[in-house]
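Structure record follows, encoded as structure tokens.
Number of protein chains: 2
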Amino acid sequence: MKRKPSSRAEWATQIAALEQQDEPPARKEPITVGRIVTTALRLVETEGFDALTMRRVAAALETGPASLYAHVRNKAELDDLLIGTLSRNVSLPAPDPARWRAQMIDVCGQLRDEFLRYPGIARAALSAPPNNLDTLRITEGMLAILLAGGVPPRSAAWAIDAALLYVSAYTYEASLRGHPEPAADRAEVLARLRMLPVSRFPHTVAHVDELNAGVGHERFEFALGLLLDGLNA
Amino acid sequence: MKRKPSSRAEWATQIAALEQQDEPPARKEPITVGRIVTTALRLVETEGFDALTMRRVAAALETGPASLYAHVRNKAELDDLLIGTLSRNVSLPAPDPARWRAQMIDVCGQLRDEFLRYPGIARAALSAPPNNLDTLRITEGMLAILLAGGVPPRSAAWAIDAALLYVSAYTYEASLRGHPEPAADRAEVLARLRMLPVSRFPHTVAHVDELNAGVGHERFEFALGLLLDGLNA
DNA sequence: AGTTGACACGAACACTGTTCGTCCGTAGAA
DNA sequence: TTCTACGGACGAACAGTGTTCGTGTCAACT
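From first to last, the protein sequence lines are chains A and B.
Under the working numbering, think of the first position of the first sequence as 16, with each following residue one higher.
Under the working numbering, think of the first position of the second sequence as 16, with each following residue one higher.
Encoded structure:
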């Protein structure tokens, strides 16, 4: 149940690699971490996170699953790599004190969209250890935005934590019900809520429409808006 | 990836069963849903959600895993039953317009504590279909609180959705890192953050302490506080 | 030439959820 | 009373999972 820690040396190696990350990729096509990650992301994109197995990735690379273990320690590390890779697609704005709220919602929205592009992968984000440099980059960017907006450091730090948890949970849930949710599914949920006995569920039955309202990501922006407005108080 | 829906008839049966739920349990001890659920919860409580397999539950009941399928459709349904069962332990206060904020935090705290009592089970909450009568009871109770506090219905509904997502994500994450988190683990995280290059992570390095501050559930209450204060604006 | 280390990968292991088929017991019908 | 049908119990087997172990190959180094 507990996460297994990487060693301090591995962490130091990751940091050192930061300075070398701009080198061009090797010319040959052996099995590499990069190919594994690219293949895995394509698989998740097309078939969802549950379809991501070592065997499926290996098959797509025309090899056996054992071959992957020369490059990734285990499945959890591959999951972590995927989260890191998609996190790199989030572009961080230069902090603008007058627009910190909009900037935060923008960054969270980008991350949300990355997660939704790979259905179910948010679950890996929830499981990921807190030492991934790519996700820490996003935290750093969010910190910069909030601090520039005058939010006290501790409030900023804690709010970022909450926002990231919310983004993951929201997108994971959205992936499960299908995003966008098929209209027939939603109609069914509505119908079922209306079947509830009023004696026990008076408010629910009275507000079925509100409980299920929201087009696109309105609920997402509403929730994050609450969080950020709370910061503003 | 998508959830499989139960039939409309099954839903109606669940509702009808609401009126019969107070009957005493049968005297005999055959394998029942109740025994399966109780056994499963005990297993999760002691060994975490990842240890929950049909085989493990069956073994604890001194039978084979196939026997469970006469009572639960599949593992996902068992997971859903577990979430429903623990949700029943959440007691809903009579709404008090003057204390709706504190009441909401109390209800969320209770749910949080139930989830933490069963490490990792929050993942099942994130996966659960939105038609579980026991979890809907909590939604109903929260709606009552917020509406009594004067929150508009749609805002109330959407805020509850966000709060529940946050509770699940928070507790799932907490389970993974161990709750309470061992001091040595946290010290290690701190040390690693301090190893980051200031050139790329200036704010993170400057605010390592704030990023990792918070005793007990301070961060939880802070985040929910933001959400609810945002509602108050 | 011989040695070493890294990569590749098949076979096998321990484990997962689930289905299928068979048996048994009970209740209801004839 | 006997027979039939149904529901529960559950072993065997299936398809699938992540991972380890052992072996072979190749390239670089001594």
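Glycine included, every Cβ here is placed at the ideal spot set by N, Cα and C.
Quiz prompt | CB contact check: Asn-104/A to chain B, cutoff 8 Å | solution = The residue you call residue 104/A lines up with position 89 of the first sequence. By this cut-off, Asn-104/A is not an interface position.
Quiz item: Going by the CB atoms, is the gap between Val-72/B and Thr-54/B shorter than 8 Å?
Solution: Residue mapping note: residue 54/B aligns to position 39 of the second sequence, counting from 1. Residue mapping note: residue 72/B aligns to position 57 of the second sequence, counting from 1. Taking 8 Å as the Cβ cut-off, Thr-54/B and Val-72/B qualify as a contacting pair.
Quiz prompt | alpha helix (DSSP H) runs wholly inside the region 97-141 of chain A, at least 4 long, in chain order | solution = 115-132
Quiz item: With 8 Å set as the bound, which would you pick, yes or no: does the beta-carbon of Arg-234/B sit closer than that to a beta-carbon of chain A?
Solution: On the second sequence, position 219 is the one that residue 234/B refers to. Proximity of Arg-234/B to chain A, defined by a Cβ-Cβ separation below 8 Å, is satisfied.
Quiz item: Given 8 Å as the limit, is there contact between the region 157-165 of chain B and the region 198-214 of chain B, that is, 3 or more CB pairs closer than that?
Solution: The answer is no - the region 198-214 of chain B does not touch the region 157-165 of chain B, with fewer than three Cβ pairs under 8 Å.
Practice problem: In the DSSP assignment, find the unbroken alpha helix (DSSP H) run with Asp-65/A in it and report its ends. | Solution: Stepping through the first sequence from its first residue, residue 65/A is reached at position 50. That residue, Asp-65/A, is in no alpha helix (DSSP H); it is neither H nor E in DSSP.
Quiz item: Nearest-angstrom Cα distance between Glu-225/A and Ala-172/B?
Solution: Counting from 1 along the first sequence, the entry for residue 225/A is found at position 210. Counting from 1 along the second sequence, the entry for residue 172/B is found at position 157. C-alpha separation (whole angstroms): 6 Å.
Quiz prompt | Interfacial residues, the region 186-202 of chain A to chain B, with Cβ spacing under 8 Å | solution = Taking 8 Å as the Cβ-Cβ cut-off against chain B, the residues of the region 186-202 of chain A that qualify are Tyr-187, Glu-188, Ser-190, Leu-191, Arg-192, Gly-193, Asp-200.
Self-check item: Start and end residues, alpha helix (DSSP H) containing Leu-151/B
Solution: Taking the first residue of the second sequence as 1, we reach residue 151/B at position 136. The continuous alpha helix (DSSP H) containing Leu-151/B extends over residues 148-163.
Quiz prompt | Exposed unless 16 or more other CB atoms sit within 10 angstroms - verdict on Gly-135/A | solution = Walking along the first sequence from the start, residue 135/A turns up at place 120. Buried, since its Cβ has 16 or more Cβ neighbours within 10 Å.
Quiz item: Can you tell me the Cα-Cα spacing of Asn-227/A and Ala-75/B, whole angstroms?
Solution: Taking the first residue of the first sequence as 1, we reach residue 227/A at position 212. Taking the first residue of the second sequence as 1, we reach residue 75/B at position 60. CA-to-CA, the gap between Asn-227/A and Ala-75/B works out to about 41 Å.
Quiz item: Around the Cβ of Ala-250/B, are there at least 16 other Cβ atoms within 10 angstroms (buried) or fewer (exposed)?
Solution: Not covered by the structure: residue 250/B. The range shown for chain B is 16 to 248.
Practice problem: Could you pull the start and end residues of the alpha helix (DSSP H) that Arg-201/A belongs to? | Solution: Mapped onto the first sequence, residue 201/A falls at position 186. Arg-201/A: member of the alpha helix (DSSP H) spanning 198-210, first to last residue.
Quiz item: Helix, strand or coil for Pro-39/B per DSSP?
Solution: On the second sequence, position 24 is the one that residue 39/B refers to. Note that Pro-39/B scores 34 on pLDDT, short of 50, meaning its location in the model is unreliable and no value can be drawn from it.
Quiz item: Under the rule that 16 or more other beta-carbon atoms within 10 Å means buried, what is Gly-231/A, buried or exposed?
Solution: Position 216 of the first sequence, counted from the first residue, corresponds to residue 231/A. The residue is exposed, with fewer than 16 neighbouring Cβ atoms inside 10 Å.
Self-check item: Given Val-220/A as reference, the closest of Tyr-181/B, Asp-121/B, Leu-148/B, Val-48/B once Cα atoms are compared
Solution: Numbered from 1 along the first sequence, position 205 holds the residue referred to as residue 220/A. The residue with the shortest Cα to Cα distance from Val-220/A is Leu-148/B.
Practice problem: With DSSP as the reference, label Arg-88/A as helix, strand or coil. | Solution: Translated into the one-based positions of the first sequence, residue 88/A becomes position 73. DSSP places Arg-88/A in coil when its eight states are reduced to three.
Quiz prompt | Beta-carbon contacts of Leu-246/B that lie in its chain and below 7 Å, excluding the five residues immediately before and after | solution = One-based indexing of the second sequence puts residue 246/B at position 231. The answer, listed in chain order, is Val-166, Ser-170, Ala-174.
Quiz item: CB-CB under 8 Å to Glu-44/B, same chain, minus the five flanking residues each way: which ones, in chain order?
Solution: Here the question's residue 44/B lines up with position 29 in the second sequence. Correct list, in chain order: Arg-50.
Quiz item: Which first and last residues belong to the alpha helix (DSSP H) in which Glu-15/A is found?
Solution: What the structure shows of chain A is the stretch from 16 to 248, and residue 15/A is not part of that stretch, so it cannot be assessed.
Practice problem: Report yes if the CB atom of Ile-120/A is closer than 8 Å to the CB atom of Glu-236/A, and no otherwise. | Solution: Along the first sequence, read from residue 1 onward, the residue named residue 120/A stands at position 105. Along the first sequence, read from residue 1 onward, the residue named residue 236/A stands at position 221. For Ile-120/A and Glu-236/A, yes; Cβs fall inside 8 Å.
Self-check item: Partners in chain A for Leu-96/B, counting only beta-carbon separations shorter than 8 Å
Solution: Here the question's residue 96/B lines up with position 81 in the second sequence. Result: empty, since nearest Cβ-Cβ is about 18 Å, beyond 8 Å.
Quiz item: Does DSSP classify Glu-188/B as helix, strand or coil?
Solution: Locating residue 188/B in the second sequence gives position 173, where the first residue counts as 1. Helix, per DSSP.
Exercise. Determine, using beta carbons only, whether Gly-231/B comes closer than 8 Å to chain A.
Key: In the second sequence, counting from the first residue as 1, residue 231/B sits at position 216. Answer no: the Cβ-Cβ gap between Gly-231/B and chain A never drops below 8 Å.
Quiz item: Out of curiosity, what's the CA-to-CA distance linking Glu-92/A and Leu-179/B?
Solution: Position 77 of the first sequence, counted from the first residue, corresponds to residue 92/A. Position 164 of the second sequence, counted from the first residue, corresponds to residue 179/B. If you draw a straight line from the Cα of Glu-92/A to the Cα of Leu-179/B, it is about 29 Å long.
Exercise. In the DSSP assignment, find the unbroken alpha helix (DSSP H) run with Thr-219/A in it and report its ends.
Key: Position 204 of the first sequence, counted from the first residue, corresponds to residue 219/A. From DSSP, the alpha helix (DSSP H) with Thr-219/A extends over 217-221.
Quiz item: So, is Ala-109/A buried or exposed, given that buried needs 16 or more other C-beta atoms within 10 angstroms?
Solution: Locating residue 109/A in the first sequence gives position 94, counting from the first residue. Result: exposed.
Quiz prompt | As assigned by DSSP and simplified to three states, the class of Val-166/A | solution = As a position in the first sequence, residue 166/A is number 151, starting the count at 1. For Val-166/A, the three-state secondary structure derived from DSSP is coil.
Practice problem: Can you give me, in chain order, the residues of the region 156-187 of chain B that have a beta carbon less than 7 Å from any beta carbon in chain A? | Solution: Leu-158, Ala-159, Leu-162, Pro-168, Arg-169, Ala-172, Trp-173, Ala-174, Asp-176, Ala-177, Leu-180, Tyr-181, Ser-183, Ala-184, Tyr-185, Tyr-187
Exercise. Could you name the residues of the same chain whose beta carbon sits closer than 7 Å to that of Thr-186/A, not counting the 5 residues immediately before and after it, in chain order?
Key: By one-based count along the first sequence, residue 186/A stands at place 171. Once the five neighbours on either side are set aside, the close Cβ partners of Thr-186/A are Arg-127, Phe-130, Leu-131, Ala-137.
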